[in-house]
Each structure stands twice: as C-alpha cells, then as structure tokens.
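Everything on this sheet refers to the single structure shown next.
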Amino acid sequence: MNNPQQTARVGLFFLLGLALTWVTFETLSGGKVFKDKGYNLIAGFESLKELKEGDEVRMAGVKIGTVEKTRLAGRRAEAVLRIDNTIRIASDATASIVMAGLIGTNYIGIDLGSEKAPPLQPGAEIHTRVTPDLNTIMTEIGSLGQKLEGALSSFGTTLNGDGKGGGLFQKLDKLVSDNSERVSTTMTNLQEITGKLNRGEGTIGKLINDPSLHDQLVAAIAEFKATASQAQAFVADAQGIVAQVKSGKGTIGALLYDDTAGNDLKATVANLRSVSDKLAKGEGTLGKLINDDTLYNTAQGTLKKADRALDGMNDAGPITAVGIVANSLF
Amino acid sequence: MKQLTHILEGFGSTLQLLLRSLSYIGTLPRQRGRFIEQCYLIGYTTLPIVAILSFFIGSVLALQAGYSMQNFGAKQFIGSLVGLSMARELGPVMVAILLAGRVGSAITAELASMKVYQEIDALVTMNIPPARILVLPRLAAVLVMVPVLAIIADLVGWFGGAIVTKYVSFISIEPEAYFSVLRRYMKFKDVLNGLIKAEVFGFGVVLVCCNIGLNTRGGPREIGAAVTRAVVVSLILILVLDYFVTKALL
Amino acid sequence: MPTPSHTRNPFTSVETPAVGVEIQGLSKNFGRLEVLKDVSFSIEPGEIFVMMGPSGSGKSVLLKHIVGLETPTAGRVMVNGLDATTEAAREQVRMAMVFQAGALFNSLTVYDNLALYLREHQVADENGIKEKVMRALQILSLEQTAQKFPSDLSGGMKKRVAIARALVMEPQLLLYDEPTSELDPVMSATISEIIALLRDEYHVTSLVVTHDRDLALNIADRVGILMDSRLVFLGTPAELRHPSNEKVNSFLNPKIDLKNPRYKKLET
Chain P
1 MNNPQQTARV GLFFLLGLAL TWVTFETLSG GKVFKDKGYN LIAGFESLKE
51 LKEGDEVRMA GVKIGTVEKT RLAGRRAEAV LRIDNTIRIA SDATASIVMA
101 GLIGTNYIGI DLGSEKAPPL QPGAEIHTRV TPDLNTIMTE IGSLGQKLEG
151 ALSSFGTTLN GDGKGGGLFQ KLDKLVSDNS ERVSTTMTNL QEITGKLNRG
201 EGTIGKLIND PSLHDQLVAA IAEFKATASQ AQAFVADAQG IVAQVKSGKG
251 TIGALLYDDT AGNDLKATVA NLRSVSDKLA KGEGTLGKLI NDDTLYNTAQ
301 GTLKKADRAL DGMNDAGPIT AVGIVANSLF
Chain B
1001 MKQLTHILEG FGSTLQLLLR SLSYIGTLPR QRGRFIEQCY LIGYTTLPIV
1051 AILSFFIGSV LALQAGYSMQ NFGAKQFIGS LVGLSMAREL GPVMVAILLA
1101 GRVGSAITAE LASMKVYQEI DALVTMNIPP ARILVLPRLA AVLVMVPVLA
1151 IIADLVGWFG GAIVTKYVSF ISIEPEAYFS VLRRYMKFKD VLNGLIKAEV
1201 FGFGVVLVCC NIGLNTRGGP REIGAAVTRA VVVSLILILV LDYFVTKALL
Chain W
2001 MPTPSHTRNP FTSVETPAVG VEIQGLSKNF GRLEVLKDVS FSIEPGEIFV
2051 MMGPSGSGKS VLLKHIVGLE TPTAGRVMVN GLDATTEAAR EQVRMAMVFQ
2101 AGALFNSLTV YDNLALYLRE HQVADENGIK EKVMRALQIL SLEQTAQKFP
2151 SDLSGGMKKR VAIARALVME PQLLLYDEPT SELDPVMSAT ISEIIALLRD
2201 EYHVTSLVVT HDRDLALNIA DRVGILMDSR LVFLGTPAEL RHPSNEKVNS
2251 FLNPKIDLKN PRYKKLET
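Residue numbers (my numbering), protein chains in the order written: chain P, 1 to 330; chain B, 1001 to 1250; chain W, 2001 to 2268.
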C-alpha cells in the first residue's frame, strides 16, 4: 500500500506545487522576494490620481522601477518608488504622474535632471511636479464653459436689459410700441399703395411726365442713401433738416425755390401727406411710378442699410427723428 | 421538519467527526504510509482531469470575454479577466467539484462499503477509531494536495486563455500583452485567496464524504445511495461555502 | 469442567485474569421493534457460552452490546465489571469479535489484516509483529494465505482468517457471530475444534452465537436460547438434550414432516 514509487510521485507532485506557487508569487508580486534589489525613493504628491502599487517608474520612457507602495502621509499622498540599483537619479530630477492611457493606466515619469547634480540617496525624496491629467483638463474646460456662459448672459443683459433699465431690445421695443399706431398706419398705407401699384391703378401724370423731376428724385434718393449709410451724419442732417422744417417753411421754400421743377417738387412735398392719405383712401393715382424699378430697389437698399445702421445704434433719439421726418414726408 | 433535523444531524455528526479526527492528530507521523497513499489518490491521480478541465475553462473564458469585449474595445483586458476569474473563483471551485466527484465519491464508497461489511465495526472492537486511521490521513492529505491542484489549475487555465487569445482570429492578442495585463491587474493575494478557498472546499468535501460514508446503514444498496448523497451534499457545500468564504476574504 | 481464572497469552504464555460478562435486564428497541426484552445472564470467566436461537431473535444485537457497538435501551452490560459502552471497557479489556461475514479489511492482505491491530496499538516492532502474525496463521493453518487478499479466499478460509485476526489481539474475551454458518460440515467441525482449543490452551472466555447444534452440544460449557427476544433457556449442553420447554425442543429438533408442512400450519 505504500511503495517507494508512490512516495516519490507524491513528493515530486508536492514540490511541483511549491515551485509553481513560488513562480506565481514572484511573477505577480514583481519580485518582491528580492527586497535588497533596488532602492527606495519617496515621491510626494497632492494627489496620486490613478496611480497604484505595481505601476511602472520610467526615466525618459525607460522602465527603471516600480511603485512599491502608495500611502497617505499627513496632508499629502506619497508613492514609495523602488528603483533599480543600476540607475542613478539626479537630485534635481523631477517626478510626475504620467497618464499612459485613458483608462487608469499611469506611471511615474522622472526626467533626467542635470548631469552635474549629485545622485539621490536611497530613501531620499524626489522633487515632484503636478501635471494636468485628464480630470484637470476636463475641470478647466468646465470652468471655461462657465465663464463663457457668464459672458453670454451679460451680453444678453445688454440686449434685453436687466429688467429695470431696459436694454437695446427693450428700447427698440419701446420705440416701436410708442409709434406703433403711426407705424402701422404707415404700413397699412404702404401696403395699399403697393397693392394699387401692383394693380397698375392710378396715374401720377405730371410727376412722370417731367423727367427732370424724376432725375432729381432719383438723385435725392441716392443722396439719401449715401446719407443713410453714414448714419450719424444722416441723423445729424436729418435733425438739422427737421429743425429747419419745424422752424419755418421759408427756408425750405428758399431751398426749393427757383424752378418749375422746384415748384412742382414743393407742391409734391406739400401734398405728400395728402397723397398718402388719398392713397390710403384709394384716391391717388400712381401710374407710371410702378414702371421704374430703380426707385423701389434703391428704397429697399436704403432700408436695409438703415436697418444695419439701426443695429449699430443704441440711441433711440435720432431714429425717432427719422420716424418723424418719414412721417412728415409721407 | 424531518429534513431539517436530518441536515442538523448531518452537520453535528460532521463536526463531531472533525473534532474526533483532530484529537488523533498526534498519530499522524505514525500514519505516514496512509497519508502518502491518500496524497497519491487525492492529488496525483486527480491532476490530469484538473489540468484538462482548467485548460478548457480558461480557454472558454477567454473566448467568451473576447467575444463580448470586442464590442466596446476592451479586449486587451482579457488577460486580467481570465487571470482573476481563474485564480479567485473558477480554479478553486473547479478543483473542489472535481474532488467531490472523483475523490469524495470514492471515499464515501470505500467507507460505506467498510461500514456495510462490518469492517468499521471490526475496527471499533479492535479499539482502533475509524476517525484516526480512515479520516485523519485523508484530511491531512487533502490539505496538502489541494493547493497544489489549485495552483496548477490556475496556471493551466491562464495558459489556456493565452492560447485562445493568440489564435482566435477576432481576438488575436499576443501572449506577452495578455500576460502583461494579467500581471498588471493581479496580485499574489488574488491567487492566495483562491488557494485558501480551494483548501476550505477540499477539506469540507473530504470531511463530509467521510462522514456520510461512515454513517451508512443497511445493505450494499445503501453504498450507492450514500455516494450519490455525498456528491450532492459536497456540491451544495462548495457553493454555499464559496459565498461565505469569498465574503470573508474580500 | 473447572473454569480457569486466568487467560494464558497464546504468544507469551503470560497469564492475565480471565474476564466475565454480566448482562442485567438488557432491552433493546429499534424504533418500535423490540429486539431484546429483559435479557439477563452472565458468562463466567474462561467458559464457552453458546447462544442459540432462530434467525432474527436478537443474538447478533446481543453480541454488539457486549463489544459496545450498540447502547442498551434499558439494562446494563458489564464486561469485567466495566460498562461495555464506555471507552474504559474497550481499553482495559481486550475483546475480539469474529464477525459473521468475517469483516476482513478488503483493501489489506491477510497478513496486514492480522497486523493492523498490532501496528496501531504499537504492541511490537515489525519483527515482533511478523512473529505473532505468523504464529496466529499457523494455529489456524493459514500460512499459505498470508499475502492473499480476502477476496481471493473461500468462505471457510475467511472465517479462519477472522478468527486468526481475533487471536493476534490476545483477547481476554472472544465473541463469535455464527462462526460455522455457510460452511461444510467438516469445516464447521474444524472451527468448533479451534474454539475449543483456544479455551483449553489459552483459557479465553468465549461467547458463540450460532445455529449449530453440534457445536453447542460438543464444546459449550453453558447454552442459552433466545426466542422472540427473550432468553427462554439457560443451562448445560446436557440439559439441552432434554429441554422441558416445548418450543425449545421443536427449535432444536425440528421434524421435517412433508405431509403436514409448517407453512400450512401457519395459515390456519
């Protein structure tokens, strides 16, 4: 029941088990059995982040040891590094935690330091440097986003007002609503005019028959356009014009006096309001006016530019003045 | 109710048997021959099946892991998955299950037949406690042999996984990468953990199988019934113990 | 026959006091089944006591009580003044039992079967053990079987090996459970002679449970008969030849009556 062969086999089997266990231990614990192989350095960090025991220590990318232990020491985290005996690390070399992959694989990178610096002694502490890791970058992107948001909201306040004072939009709004009646009347009138123009109704006999008047009108529009494109100047001019218009007819009469065309224009201008009214009432006739695209196109362009000019402005005043002028014109 | 008393009775008698066996621990050096014989039966002869099974369990583990991990690009972690699963769970449990099936059943059959054919009674009249010469050497042998079986199971399983990850086309990870990941994410503690588990399982299985064998009553037909019961109880014991031992070792 | 008060060791010829057995009001139930009912008798040191009785009358159970394999439901079994169920009885009194089927260790050779007790109790070194074992085998003419396994032996040889195994224990009390069952008449006679030899040469106290009338009448000092769980007869072989009890008589001298078979009587 107990022959030597059996005993030998069992003995061999057991030794095999011991050997395999030892090999596994050696492999997995990274040769910790040879405690005297290599020396320790201490690297203190604010946070070890994803670093864990068994991670590599590399100098200029070459593996020179492992992280033997991680621990908390007072107000900082310490990594005990096991460095190969053959490696000398300059005392001014700096260690940092380097991210090798996105998923928690880190190592400690040590730079070469300067050539002249004396080597670090076993157990000494190595200088460390904080390197941004993915988390820090993410955090920074986050705070950047916050700043951006703040900027955008203050911009919004400028446009929308902070609720009390009234920003650009409020002011515009106010402007529009204050004049809404007039604007809407004008709009309705314009709508009807265009409607009738579309239908070809009415005739503006004389206006069309006299080409010089037409030319002048075109020139005036062109001038108006130029003026509008330089909003401030225009507005100033407009203010001036309005003041003059308000102060008395004489000036404008003198301005327009001299010619039949001037007379005609004067009559036209004077009648514009009634024309508008009549147009609104469907009385007026605009005949050929429709045939001339230039006028419409130019007017549209002017409006667009005025629009843009309006965008750049914060002051409602001149616009109101323009509105008044426009109002008085039509 | 009757079932419950049966279970408690089995539990109690197993514990008694353990204590009685341990009280003869001093006679173990004299029983060297029996101890070696049991080591041979429990360890050496169980090795081939342990090796074959753990090889394929490691392979299948790697295959399944590779298949499911390729979808989210984590297949380079197969090494650690196979390594940890084998060492912490599958190695010990598999060794224990094989012990139950191969060694435990044989122990129960042998002791039950000794009981049925009055050999146990004969021992008692000779004032030779069965716990001393039949149970103690087996318990000692299983304690010595199970870690050996378990470490072999672990390593063979790892190699099985490595071969699969290299040669299966949709995984194809070099063994160097496989083992480097395995090493990176494993500590010897994980392996030790598994060895302790295997030890507990193996010891429990042998003890339970001895007890069931020694408590067989009736004729030869009972031998078969006892063997079946021993294997079933062993398997349940392994999985129940697995939970608690794992929890205790976490 | 004078009952010697000392057992002589078959190997060393050292005499140790012979032991007696005292059974007092022994009852044993297995569940609701009563196997023994208030059985009381004693076995004197150095005598051969033969216990007879029909199958299932509780004879084997009685034996198991004496070696301490069973505990009584009621009553006591005292071996040499010690309770048979205690460790003390087993340690202080060397008892050996020859089981009905031999109960040899099938995994061990005949030699190792005999040597087991000696080795386990460290009675002697390996040379001394060999001497004792070969002597026991010699007494029972079994030298040729020493290296055989029990499965290779015939029924009679197994019984003799079982007796030899009991013998190497140098017992003070020897219990036989049906030592002559399943044996041919010549082998039965041989076994009977061996039992008697052990008494005459070594003064071993023996209890023999058997159906064998010839054995009982020829070698017994006293005979007991168990029927229906009770001890119904206790006396010398001479008294047994003319039992007053009718049931005992019909048990010992069953008439084979083909015209009026028993199974028909049972039906009526």
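Glycine residues also receive a C-beta, built at the ideal position from the N, C-alpha and C atoms.
Chain B contact residues for residue i, given Cβ-Cβ distances below 9 Å
i       : result
W/V2067 : D1121, V1124 and T1125
P/G38   : Within 9 Å Cβ-Cβ: nothing; P/G38 doesn't reach chain B, min ~18 Å.
W/Y2111 : What W/Y2111 touches in chain B: nothing, since even the nearest Cβ is about 15 Å away.
P/V80   : The premise fails here: P/V80 is roughly 16 Å from chain B at the closest Cβ pair, so nothing lies under 9 Å.
Cross-chain neighbours of residue i in chain P, by beta carbon under 8 Å
i       : result
B/F1188 : T24, F25, L28 and S29
Neighbouring residues, chain W, relative to residue i (Cβ below 7 Å)
i       : result
B/Q1118 : F2099, A2101 and A2103
N- and C-terminal bounds of the beta strand (DSSP E) containing residue i
i       : result
P/E125  : E125 to T128
W/D2270 : Past the boundaries of the shown model lies residue 2270 of chain W; chain W is included only from 2001 to 2268, so the question cannot be answered.
P/A73   : V62 to A73
B/T1125 : Segment E1119 to T1125 is the alpha helix (DSSP H) holding B/T1125; no beta strand (DSSP E) there.
W/K2037 : L2033 to I2043
W/N2080 : Looking at the DSSP string, W/N2080 is not in any beta strand (DSSP E), and its letter there is neither H nor E.
W/L2234 : R2230 to G2235
P/E53   : Per DSSP, P/E53 belongs to no beta strand (DSSP E) and is neither H nor E.
Given residue i as reference, the closest of the options once Cα atoms are compared
i       : options                               : result
B/I1223 : B/A1062, B/I1107 and B/F1011          : B/I1107
B/R1229 : B/G1219, B/Y1185, B/N1215 and B/Y1167 : B/N1215
W/L2231 : W/K2059, W/N2029, W/I2048 and W/L2033 : W/K2059
W/G2020 : W/G2031, W/F2041 and W/K2028          : W/F2041
B/G1194 : B/I1025, B/M1094 and B/I1049          : B/M1094
P/E26   : B/G1204, B/V1232, B/L1241 and B/V1191 : B/V1191
B/R1030 : B/V1168, B/I1163 and B/I1133          : B/I1133
W/A2164 : W/I2139, W/Q2172 and W/P2185          : W/I2139
W/Y2111 : W/A2101, W/E2126, W/M2097 and W/V2098 : W/E2126
B/I1097 : B/G1083, B/S1080, B/L1250 and B/V1233 : B/V1233
B/F1159 : B/L1063, B/S1013, B/I1036 and B/Q1038 : B/L1063
B/M1145 : P/N3, P/E125 and P/L12                : P/L12
P/T94   : P/K69, P/T131, P/R82 and P/A77        : P/T131
W/P2237 : W/V2248, W/D2228 and W/S2229          : W/V2248
W/Q2100 : B/G1104, B/P1092 and B/Y1117          : B/Y1117
B/I1196 : B/A1177, B/L1155, B/V1245 and B/L1022 : B/V1245
B/L1041 : B/L1139, B/F1072 and B/G1091          : B/L1139
Per-residue contacts from residue i into chain W (C-beta, under 8 Å)
i       : result
B/I1251 : A query on residue 1251 of chain B cannot be resolved here, the shown segment of chain B reaching from 1001 to 1250 and no further.
Opening and closing residue of the alpha helix (DSSP H) in which residue i lies
i       : result
B/P1159 : Inspection of the sequence shows that residue 1159 of chain B is occupied by Phe rather than by Pro. L1136 to Y1167 is the span of the alpha helix (DSSP H), which, as asked, contains B/F1159.
B/N1193 : F1188 to L1214
W/E2131 : E2126 to I2139
W/D2112 : V2110 to E2120
W/A2164 : G2155 to V2168
B/I1078 : I1078 to S1085
Residue i: contacting residues in chain B (beta-carbon distance under 7 Å)
i       : result
W/R2032 : Residues of chain B passing the Cβ test: none, with the nearest at roughly 17 Å.
P/T7    : I1036
W/E2091 : N1127
P/F14   : V1144 and V1148
P/L20   : I1151, I1152 and L1155
Interface partners of residue i on chain D, CB under 9 Å
i       : result
B/I1128 : Given the protein chain composition of this structure (P, B and W), no chain D is represented.
8 Å Cβ cut-off: residues of chain B touching residue i
i       : result
W/M2052 : Near W/M2052 there are no residues of chain B at all, since even the closest Cβ is about 21 Å away, more than 8 Å.
W/A2096 : T1125 and M1126
W/M2169 : M1126
P/G113  : Simply none; closest approach about 28 Å.
Within chain P, the residues that residue i reaches when beta carbons sit closer than 9 Å
i       : result
B/R1183 : T27, L28, G30 and G54
Quick one: which residues of the stretch 2132-2159 of chain W get their C-beta closer than 7 Å to a C-beta of chain B? List them in chain order.
-> none
Positions along the stretch 1191-1214 of chain B whose CB lies within less than 9 Å of some CB in chain P = V1191, L1192 and L1195
Can you find at least 3 beta carbon pairs, one from the stretch 2211-2228 of chain W and one from the stretch 2042-2049 of chain W, that sit closer than 8 Å?
-> yes
Below 8 Å between beta carbons is the criterion; list the residues of the stretch 1034-1067 of chain B that meet it against any residue of chain P, in chain order.
-> R1034, I1036, E1037, C1039, Y1040, G1043, Y1044 and L1047
Segment contact, 8 Å Cβ cut-off, at least three pairs: the stretch 1069-1078 of chain B with the stretch 1119-1126 of chain B = no
Three or more C-beta pairs below 8 Å linking the stretch 1141-1157 of chain B and the stretch 11-21 of chain P = yes
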